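Enquirer: Residue numbers (our numbering): 21 to 232. Built from N, CA and C at the ideal position, the CB exists for glycine as well. Just so you know, these numbers come straight off a predicted model, no measurement behind them.
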Ligand code: ADP
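1. With a 10 Å radius around its C-beta and 16 neighbouring C-beta atoms as the bar for buried, classify residue 30 as buried or exposed.
2. Using only the heavy atoms of the ligand ADP, determine whether one of them is closer than 8 Å to the beta carbon of residue 60.
3. Any heavy atom of the ligand ADP closer than 8 Å to the CB of residue 71?
4. Indicate whether the contact test is met: 3 or more Cβ pairs, each with one atom in the region 50–63 and one in the region 181–191, closer than 8 Å.
5. From residue 124 to residue 42, what does the alpha carbon distance come to, in whole angstroms?
6. Name the residue from 169, 153, 119, 172 whose alpha carbon lies nearest to the alpha carbon of residue 67.
7. What are the partner residues of residue 59, as DSSP defines its beta bridges?
8. List, from N- to C-terminal side, the beta strand (DSSP E) runs of 3 residues or more that fit wholly inside the region 115–198.
9. Give the single residue among 28, 38, 162, 34 whose Cα lies nearest to the Cα of residue 173.
10. Under 8 Å: do the region 67–79 and the region 93–102 share three or more Cβ pairs, one atom per stretch?
11. Closer than 7 Å by C-beta to residue 76: which residues in its own chain qualify, once you throw out the five before and the five after it? Chain order, please.
12. Bridge partners for residue 211 per DSSP, in chain order?
13. Considering Cα atoms alone, identify which of 122, 186, 134 is closest to residue 155.
14. For a test of the three-state rule: what should DSSP assign to residue 32, helix, strand or coil?
15. In terms of alpha-carbon separation, which member of 222, 219, 169, 158 lies closest to residue 205?
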């Protein structure tokens, strides 16, 4: 396939940890580059120096005393910096921006997971995203027990949120499912239990209207 023209689009990837987001982003980025589409990969929280500093505070296991409200506001602060410094300028240049997590994660983790009031989380999300909404979101759905098995296989230490356990991840998964049901036009449900290549082909086919 040859893709000669594209418009700036903001595409986000969501789901519980180890659902396969970064694997799929990397493959999609390779596919877009092969087809000469201008695309960048970012992660939220993170990417900019300021947002990466906030990310370290958020994921540090030493910060077990962190209040859920502080957690919410730190995610929003990291996101505002990312939007202003990276996402908006890239979209203005016409690039496709692939982002590992965005405000749906805040709704799922801090709203459904931590139990913060969903309307307050929604308002906080508006501030943190500086009004920016993804054009397209891929929700990679997997069973939290599979996520645990994948992480065990890689042998990586869990961060502060990953260490919350399967019951917490179930609440977060439920949150993502509710979000997808509420906004099926924007949020594509992707069954993440299948082979990496199968999932990637589905993602590429959904991306076609965005890149052509
Ligand atoms: P995330 O970015 O969502 O945390 P990753 O893409 O890093 O997840 O994937 C976590 C682990 O699971 C990695 O070791 C990756 O190779 C593996 N993995 C990802 N997708 C699949 C899949 N569809 N089937 C089997 N293993 C997978």
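Expert: The answer reads as follows:
1. buried
2. no
3. no
4. no
5. 16 Å
6. 119
7. 116
8. 116–120, 156–161
9. 38
10. yes
11. none
12. 161
13. 122
14. strand
15. 158
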